[in-house]
Amino acid sequence: MTSVTLGGEGGRPFPSYNPRTIGGRSGAYIDQLTINGQVHGGQGGSPTSTFTFSDNEYIDSITVRHGLYIDSFSFTTSEGRRWGPYGGSGGSSTTIKNICVVGIAGRSGRFIDQLKIHYLY
C-alpha cells in the first residue's frame with residue numbers, strides 16, 4: 001500500500017475510511033467531508049452532491065488542490081463516474097491515476113486541512 005499526504009497540519013486528525021459514500025460542503029475550500037456518514041470539518045460553503053459507490057466500484061483517479069487547506073477535491077471511479085471538482089482554484093494540484101483507493105484519512109477543523117490517501121497500484 002502507498003499513501004500520499006496533501007494539505008496542512010492544522011485541525012484534528014480523523015481516521016481512515018474505505019469510502020462507500022462521500023459528500024460534504026465546499027466554497028473556496030473543502031469545508032466538510034462526510035465519508036460513510038462520518039462528518040469532518042465545518043459548516044461553511046454549499047452542499048456538494050453525495051456520491052454512493054456500487055458494490056465493486058472504487059476510486060481510480062484523484063485530483064486534489066492543496067496548500068494550508070484542501071482547496072479542491074475530485075475523483076473518478078473504476079466505473080467511469082466522476083465526483084467534483086468541488087472547492088476553489090487555489091493551491092498546488094496533485095493528480096494520481098490508475099490506482100485503487102482503499103482509505104481516506106485526514107485532518108479537519110473549520111475546513112478540511114489535510115487528506116491522506118491510501119491506495120494500491
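According to UniProt numbering, the sequence shown holds residues 1 to 121 in order.
Note that beta-carbon positions come from the ideal geometry of N, C-alpha and C, so glycine has one too.
Keep in mind it's a predicted model, so treat the numbers as computed, not measured.
Which residues DSSP lists as bridging residue i, in chain order
i	result
S72	R65 and G87
S46	S26
F51	I22
Sub-8 angstroms separation of residue i and residue j beta-carbons
i	j	result
G45	S26	yes
S92	G11	no
A105	K116	yes
Residue i versus residue j - alpha carbon distance
i	j	result
Q32	R65	15 angstroms
A28	Y58	27 angstroms
N36	Y119	18 angstroms
G87	Q43	14 angstroms
Where residue i falls, given that 16 or more other Cβ within 10 Å makes a residue buried
i	result
G67	exposed
Supposed close pair residue i, residue j - CB separation, criterion 8 angstroms
i	j	result
I30	S72	7 angstroms
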